[in-house]
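Under my numbering, the residues of the sequence shown are numbered 104 to 332, in order.
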Amino acid sequence: MTGTPPPGAPGPRDASGARKAPWRAPVTVGSAAYRAARERRTGDLVRVRATPAGVFALAREMFLAGTRLDMQALAARAGVSRATLYRWTGQREQLLADVIWSLTEDIWNASVRRSAHLSGTERIMAAVRRFLGFVADDSALRAFLRQETHAALRVLTGRDAGVQGRMVDAVAALLSTEAATGAFVPRAEIEPLAFAMVRATEGFLYNDAVAAVEPDVETALSVLYLLIT
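Okay, here's the thing in structure tokens:
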């Protein structure tokens with residue numbers, strides 16, 4: 104049978120069974136430091152020096168303080184060589200992506216949990232509204248955008264950088280959850296829809312880095328509502 108697949112239906116797959124999506128970022132697993140830190144967590148990260156998890160905790164501290172994440176300074180604070188640091192964290196932009204994603208993931212998960220009493224489009228919009236509000240007010244992220252605009256935009260919006268792809272996965276998971284209950288009927292395939300939502304919000308959240316204006320959360324929400332209704 105031929106024809107256009109229904110909204111939300113799986114797309115074509117390659118020989119390995121993976122979906123074909125040329126716009127899709129590759130799966131990002133993060134550095135050894137990121138993985139070790141996330142495995143150790145029960146709440147906030149516990150700082151343990153001279154371990155991958157400890158180095159990652161220090162990097163988070165530096166970022167949250169609005170301090171430029173300097174690899175030499177980080178190695179000195181952790182008491183490890185730069186060779187060891189790079190082996191644990193990867194290059195600087197990978198570490199930045201992992202740090203930013205670890206913070207972003209915490210905010211997103213909290214936003215999804217706080218909206219659990221709602222369903223369908225109402226839940227999706229409530230979770231996104233809460234999430235965007237926190238991100239727009241995040242002083243560490245704003246400092247990063249001001250201090251390193253070009254690097255920040257690469258890390259935050261680059262297809263292969265490690266933040267955007269993981270955010271798409273997170274949004275897609277929420278859309279899929281609501282679609283599975285029947286409370287949300289997507290008008291397009293879930294993953295491309297999630298990608299469009301993330302890309303749309305990037306322009307409204309990070310536009311202050313290039314246009315010197317404040318993040319426009321309300322306009323972003325209006326656009327997202329049109330995408331999912």
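C-beta: ideal position from N, C-alpha, C; glycine also.
{"Item": "Please state whether DSSP places Y309 in a helix, a strand or coil.", "Value": "coil"}
{"Item": "Using the Cβ count rule (16 or more neighbours within 10 Å means buried), how would you classify A197?", "Value": "It should be noted that the sequence gives Gln, not Ala, for residue 197. Per the 10 Å Cβ criterion, buried."}
{"Item": "Which term fits G146, buried or exposed, when burial requires 16 or more other beta carbons within 10 angstroms of its beta carbon?", "Value": "Confidence at G146 is low in this model, with a pLDDT of 41, below 50, so the placement of that residue should be treated as unreliable; the coordinate-derived value is given next. That one is exposed."}
{"Item": "Got a sec? Which residues, its chain only, sit under 6 angstroms from A243 by beta carbon, not counting five neighbours each side?", "Value": "F166, L167, G169"}
{"Item": "Less than 9 angstroms separating the beta-carbons of A140 and A153?", "Value": "no"}
{"Item": "If I follow the unbroken alpha helix (DSSP H) through G236, where does it start and stop?", "Value": "223-239"}
{"Item": "Starting from F287, follow the alpha helix (DSSP H) in both directions and report where the run begins and ends.", "Value": "Counting along the chain, F287 falls outside any alpha helix (DSSP H), and DSSP gives it neither H nor E."}
{"Item": "When you compare each of L278, A273, A255 to E225 by their alpha carbons, which one comes out closest?", "Value": "L278"}
{"Item": "Evaluate L329 with the Cβ neighbour count: other Cβ atoms within 10 Å of its Cβ, from every protein chain shown; 16 or more gives buried, anything less gives exposed.", "Value": "exposed"}
{"Item": "So the alpha helix (DSSP H) D201 belongs to, where does it begin and stop?", "Value": "195-217"}
{"Item": "Leaving out five residues on either side along the sequence, give the residues of the same chain with a beta carbon under 7 angstroms from the beta carbon of A178.", "Value": "S184, R185, L188"}
{"Item": "Put E251 into one of helix, strand or coil per three-state DSSP.", "Value": "coil"}
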